[in-house]
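**Student:** If you read the sequence shown in the numbering used here, its first letter stands for residue 6, the second for the next number, and so on.
Would you mind keeping the following structure in view while I ask a few things?
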Amino acid sequence: MADGQAFTAGGALAQSYPAKPVRIIIGNPPASVVDVTIRPVAEELTRRLGQPFVVEIRAGANSRIGAKAVVSAAPDGYTLFYSLVMQSHSLFGRDSAVDAGKDLLPVSQLISTPWVLVVRSSLPITSLQELVAYSKANPGSLKHGAPAAIVDIPMKFLGDRAGFQTRSIPYKSSPQVMVALLSGEVDLGMGSARTFLAQLQAGKLRALAAVAAKRVAVVPDVPSLPEVGVRDFEVPAYYGLWAPLGTPRDIISKLSAEASAAVKAPAIVEQIRKSSGGKVLGTTPEEQMKQYEAEVRFWTEAIRVTGFKPE
């Protein structure tokens, strides 16, 4: 682990933990993937440990408001952060950045969510190959909605790998991107399968590929990227629990074990599958840190290829 990230000894503290309610801060709005995946886990942790695990929304600034609140919280196990933590990383902007690998302690990576590439159904595009052909026949015409750099960068990175070009149109939120897609203001979108599922089922959008190594359960008829000729490309979308630096080791260990057991409970697995299409992980802190480091490598390369400049 990074320098300065040492755990402190917990001793008997973990035996009585938790002795009061635990806050789980999230930096995303209600009904987001972050929100709908942590709530059933919090309920199961409440049931298992006998104290309320309360989800508290501190949305804004690409989750940095919530992240900062946890960084400055007492390191006693009673304030946790649940997030797609790369949102707040300095790779995407230096102002108020929180680099989880340096500024927080890993507890458990709870889930991963599959992403999909979608197109508005009014365009004559039904496959990635047709998207590439359309892009070449109509240079400069394709546009995609980007609520944040964490969506904009992989879209351009995939375009570089697959052979299509698209212009970025910035929006403040994913719901705004959805409105733009449905109105024809933009042509393409990328994000979690859950985000687009209702409109895919209604026939208003069309999924061209699962941005993953394999097909995903929530959209089983959509081919994976390797099936359409793009290998070794998968957007790492991992959602995990983190704690303030200095949190006692025994408390981290107890939290990790309990969170892993909670997210793997059959009823919770099914809830997460239905709400987000997410795959349950429930890792150890060490596994979580390795995944985080792999995410940093992916985004560093994606930023290099696309030429993104953080503000």
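Ideal placement from N, C-alpha and C gives every residue a C-beta, glycine not left out.
Computed from a predicted structure; not experimentally measured.
1) Are the CB atoms of leucine 230 and alanine 214 within a distance shorter than 7 Å?
2) Can you list the alpha helix (DSSP H) stretches of 4 or more residues lying completely in the segment 153-192, in chain order?
3) Is it right to say lysine 177 is buried, meaning 16 or more other beta carbons lie within 10 angstroms of its own, or is it exposed?
4) Leaving out five residues on either side along the sequence, give the residues of the same chain with a beta carbon under 6 Å from the beta carbon of leucine 260.
5) How long is the line joining the alpha carbons of isoleucine 31 and threonine 171, rounded to whole angstroms?
6) Please report how far the alpha carbon of valine 75 lies from the alpha carbon of alanine 222, in whole angstroms.
7) Per DSSP, what kind of secondary structure is arginine 44 in: helix, strand or coil?
8) In or out: alanine 24 buried (at least 16 other Cβ within 10 Å) or exposed?
9) Can you check whether the CB of serine 68 is closer than 7 Å to the CB of serine 95?
10) Determine the extent of the beta strand (DSSP E) in which arginine 125 is found, giving its start and end residues.
11) Straight-line CA distance for tyrosine 83 to alanine 242?
12) Would the segment 281-291 and the segment 114-121 be scored as touching if the rule is three or more Cβ pairs under 8 Å?
13) Can a CB atom of chain C be found closer than 7 Å to the CB of alanine 64?
14) At a cut of 8 Å, does the segment 57-68 reach the segment 28-43 through at least three beta carbon pairs?
15) Can you tell me where the beta strand (DSSP E) with isoleucine 30 in it begins and where it stops?
16) Name the residue from Ser265, Glu306, Pro290, Pro315 whose alpha carbon lies nearest to the alpha carbon of arginine 53.
17) Identify which residue in Gly55, Ile277, Thr51 has its Cα closest to the Cα of aspartate 40.
18) Indicate whether isoleucine 155 and phenylalanine 313 have their beta-carbon atoms separated by less than 7 Å.
19) Given a threshold of 16 other Cβ atoms within 10 Å of its Cβ, counted over all protein chains shown, does threonine 305 qualify as buried or as exposed?
20) Measure the alpha-carbon distance for leucine 147 versus serine 140 and round it to whole angstroms.
21) Would you kindly work out how many angstroms separate the C-alpha atoms of leucine 193 and arginine 125, rounded to a whole number?
22) As a quick exercise: from Phe238, Ala248, Gln204, pick the residue whose alpha carbon is nearest that of glycine 164.
23) So what does DSSP say about lysine 269, is it helix, strand or coil?
24) Select from Glu49, Asp81, Ala72 the residue whose C-alpha is nearest the C-alpha of serine 21.
25) Between which two residues does the alpha helix (DSSP H) containing lysine 295 stretch?
26) Give every residue of the same chain whose Cβ lies closer than 8 Å to the Cβ of valine 301, excluding the five residues on either side of it in the sequence, and list them in chain order.
27) Give me the Cα-Cα distance between alanine 185 and alanine 151, rounded to the nearest whole angstrom.
28) I need the DSSP call for alanine 74, collapsed to helix, strand or coil.
29) For glycine 196 and glutamine 181, what's the separation of their Cα atoms in angstroms?
30) Short of 6 Å in beta carbon distance, which residues of its chain neighbour leucine 109, apart from the five on each side in sequence? Order them along the chain.
31) Could you spell out the range, first to last residue, of the beta strand (DSSP E) harbouring alanine 203?
32) Give me, in chain order, the residues of the same chain whose beta-carbon lies closer than 7 Å to that of glycine 208; leave out the 5 immediate sequence neighbours on both sides.
**Tutor:** Taking the definition as stated:
1) yes
2) 154-167, 179-188
3) exposed
4) Val112
5) 32 Å
6) 33 Å
7) helix
8) By the neighbour-count criterion, in which a residue is buried when 16 or more other Cβ atoms sit within 10 angstroms of its Cβ, alanine 24 is exposed.
9) The beta carbons of serine 95 and serine 68 sit no closer together than 7 Å.
10) 120-125
11) 26 Å
12) yes
13) Structure shown: chain C not included; a single protein chain is present.
14) yes
15) Isoleucine 30 -> beta strand (DSSP E) spans 27-31.
16) Ser265
17) Ile277
18) no
19) exposed
20) 7 Å
21) 7 Å
22) Phe238
23) coil
24) Among Glu49, Asp81, Ala72, the Cα nearest to that of serine 21 belongs to Asp81.
25) Run containing lysine 295: 290-311, per the alpha helix (DSSP H) assignment.
26) The answer, listed in chain order, is Met91, His94, Leu96, Gly106.
27) In this structure, the CA atom of alanine 185 is about 10 Å from the CA atom of alanine 151.
28) DSSP places alanine 74 in helix when its eight states are reduced to three.
29) 13 Å
30) Trp247
31) For alanine 203, there is no enclosing beta strand (DSSP E); the enclosing alpha helix (DSSP H) has its first and last residue at 198-206.
32) Ser126
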